[in-house]
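Protein chains in written order, with our numbering: chain A, 112 to 360; chain B, 3 to 622.
This report refers to the structure that appears directly beneath it.
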């Protein structure tokens, strides 16, 4: 059985705790990544989100391990033994430590601000090869293409940067396809926008992510990401159906 | 004893009379102006406005002030009423801060049970996908009510701790303004009544009440606006009273840095309440005016050319969050103060870095004023603001980290014991750690754009509020229970409460966050089974019911131990704090003689050190 030192400032304590923090960080990091699966993975804009999320998880794992290992270790080692009536060791603080644990987090804040700025730029930018207007209203969606085509489902060609222009006719809604990553509110009287470059063919659900009244939970539209040829075919069919004279963009 | 001798009963009668009177005023005014006589919304707005005043008049919270206008004498009566049982003083206006503290605390606990029960109802609904018994309209009302009822519970709980403890801790005879103190408590009661009444009509926007949605729904909104306006008035007046008490009524020798650390937390809290609450009052007042009188503050109006010549929906969000984000620190700072207050007692060691802990509360309060826009990352405001609010929000981590590390420093090298209050303190640290560490991931804008309005946020803030308020509040209840009642709570039941609630809460938080990353949105009455979150939701629901059950154990414990608990003695925890140096239960006049501070508050383990001394008749 390991004999633990009595003095709280003995280096042995910190060696043990340091080792435990490392082990717990690794275990916790993988555990958290397993129980927090990020759904955003089907667009160019989702990539920086996933990357930053994982970076956060490792920092969280480390800080959680740091605080909880120190705490549980202290609870075990410094518990009062039977018949011990003595008081704890008398120290009132340590200015060097306080400055250290103010400055180190401050440096982390600066680093994360910088990373946060870069990822924000990445996740909110993209081209406008395809332009669509999404209009939200209680409790459905309409999509307008620049050539005049109107649709109740949104169809986009895969790997083509799209710029979605958003507005609402009544209350605030929010445009969210979870697989794509970012969401953006639709505000009456304003026009907002969202860049997305879908990378995986498939059928997705567009949900409203801002409580908008009675059947908010069911304000849903289908979004289809298709190969470019299929997109062109769908668009031609819509043009024919809706009897639209094609204006070139 | 006549029923109407209870202030509460007279208040309720005053509420009913005021309601009818207010409605009559509206009806008559409309008649005189030649409008249609009955318009439900206008009638209710007039009705509840007069009802709140009627309640305050009936209960007697205005009596002394009205007497002052006539120049009449209003002596401050002490002790229970002479001709009635002692318990009746808790149901009427009483000026003793300890009575008012209990009134706040018990009302807060009661509201916590209501708010929690509302959550249990919709948690049961969410246990599987598909709508089984709660229709979407009712669901939306319940989730909106859950939030405001729980927030009112927290504000009252904070008021309870501050009112009961601060004067005791600084050795003051009472609060600076006892009548204002009673008024600030009693205005909550008609406000809560009005809030609960709003359920009759329903309202469906969530507690945030974002327009234009909140401008469209039923009359319930108006009742919520007036209720929150009144509770806000209570916050402002109560915090003013606390600040004055703390700054002006400390005993000889108690410099600010020699106050018990909880007082620092309450000072920071009160500064926020005194200066930020106006913003939500104004925001809700503007909504009320826009609904009743058609003033276009927030709803866009379009001219023939399609240009907006009306209001701006985003303006509301700025006003709302300018209060509602700092409000989060109103909820958690007192709890963090409780943690800092209790750890030294159960570690038998000084609080590590007292000044750093004290100033970190102020730092959190100040930074807290600059971060409101992180609730609006997806709102469509300028791109630049997404950066500013990201950086300011990340800064909150710095003073919060100081607190965590100082708590560890306090535990390190102590002689730790683990009675129920200490367990809840440690539980609070663990839960607040989950809440705190899930914060930065929502502060960096890119990840927030994905996680905003999902269950990840729900998990994050419930962990923050439980770790920062609920767990410390329960720790405080168990810790000061002997001082309040003179008796000990039942330790076995206390530990059972803890060991059910804490793992239950860890599970609930993590499961909520999992649901969020898997794509589960907030505030939805039903969800798509294709999301694959049904099992996760079932876990959250089960954990929620376990937590609720454990809280019932506490309520039972508190009720029975007041009768049969072992006599506690003056200072069962061997604390150095002033309130433990007087008899239990605390007598009507707390300190028979004024106290003086002669040492540091947390010098546990320093032989021969003293914190306070009782001043003899001749001392000054």
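Don't be surprised by glycine CBs; every beta carbon is placed ideally from N, CA and C.
Bear in mind the structure is a predicted one, so any value in this text is a computation, not a measurement.
C-beta neighbour in chain A for residue i, strict 9 Å
i: residue 304 of chain B; result: yes
i: residue 212 of chain B; result: yes
i: residue 515 of chain B; result: yes
i: residue 442 of chain B; result: yes
i: residue 422 of chain B; result: no
i: residue 375 of chain B; result: no
i: residue 624 of chain B; result: With chain B running from 3 to 622 in the structure shown, residue 624 of chain B is simply not present.
i: residue 527 of chain B; result: yes
i: residue 51 of chain B; result: no
i: residue 43 of chain B; result: no
Under the three-state DSSP convention, the category residue i falls into
i: residue 2 of chain B; result: Past the edges of chain B, shown from 3 to 622, lies residue 2 of chain B, and the structure says nothing about it.
i: residue 290 of chain B; result: helix
i: residue 268 of chain A; result: strand
i: residue 237 of chain B; result: helix
i: residue 36 of chain B; result: coil
i: residue 527 of chain B; result: coil
i: residue 348 of chain A; result: helix
i: residue 329 of chain A; result: helix
i: residue 4 of chain B; result: coil
i: residue 360 of chain A; result: For residue 360 of chain A, the pLDDT reaches just 46, beneath the cut-off of 50, and the residue's location in the model is therefore unreliable, although a value from the coordinates is still provided. DSSP places residue 360 of chain A in coil when its eight states are reduced to three.
i: residue 321 of chain A; result: coil
i: residue 157 of chain A; result: helix
i: residue 287 of chain A; result: strand
i: residue 405 of chain B; result: helix
i: residue 313 of chain A; result: strand
i: residue 395 of chain B; result: helix
i: residue 64 of chain B; result: coil
i: residue 86 of chain B; result: coil
Within-9 Å CB hit, residue i to chain B
i: residue 262 of chain A; result: no
i: residue 289 of chain A; result: yes
i: residue 123 of chain A; result: no
i: residue 335 of chain A; result: no
i: residue 252 of chain A; result: no
i: residue 294 of chain A; result: yes
i: residue 182 of chain A; result: yes
i: residue 245 of chain A; result: no
i: residue 298 of chain A; result: yes
i: residue 360 of chain A; result: A caution first: residue 360 of chain A carries a pLDDT of 46, below 50, which makes its placement in the model too unreliable to give a value.
i: residue 212 of chain A; result: yes
i: residue 237 of chain A; result: no
i: residue 148 of chain A; result: yes
Nearest-angstrom beta carbon gap, residue j and residue i [assumed within contact, 8 Å]
i: residue 302 of chain B; j: residue 299 of chain A; result: 5 Å
i: residue 345 of chain A; j: residue 266 of chain A; result: 5 Å
i: residue 318 of chain B; j: residue 212 of chain B; result: 7 Å
i: residue 97 of chain B; j: residue 184 of chain B; result: 6 Å
Straight-line gap, residue i to residue j (C-alpha atoms, nearest Å)
i: residue 334 of chain A; j: residue 322 of chain B; result: 34 Å
i: residue 182 of chain A; j: residue 133 of chain A; result: 15 Å
i: residue 128 of chain A; j: residue 501 of chain B; result: 26 Å
i: residue 614 of chain B; j: residue 600 of chain B; result: 5 Å
i: residue 179 of chain B; j: residue 243 of chain B; result: 6 Å
i: residue 351 of chain A; j: residue 336 of chain A; result: 21 Å
i: residue 275 of chain B; j: residue 116 of chain A; result: 47 Å
i: residue 152 of chain A; j: residue 170 of chain B; result: 57 Å
i: residue 478 of chain B; j: residue 157 of chain B; result: 15 Å
i: residue 496 of chain B; j: residue 556 of chain B; result: 7 Å
i: residue 228 of chain B; j: residue 204 of chain B; result: 15 Å
i: residue 354 of chain B; j: residue 411 of chain B; result: 5 Å
i: residue 252 of chain A; j: residue 305 of chain A; result: 15 Å
i: residue 398 of chain B; j: residue 370 of chain B; result: 7 Å
i: residue 84 of chain B; j: residue 251 of chain B; result: 30 Å
i: residue 120 of chain A; j: residue 519 of chain B; result: 42 Å
i: residue 276 of chain A; j: residue 245 of chain A; result: 6 Å
Strand pairing of residue i, partner residues [DSSP]
i: residue 261 of chain A; result: A/255
i: residue 304 of chain B; result: B/310
i: residue 243 of chain A; result: A/275
i: residue 614 of chain B; result: B/599
i: residue 306 of chain A; result: A/274
i: residue 248 of chain A; result: A/251
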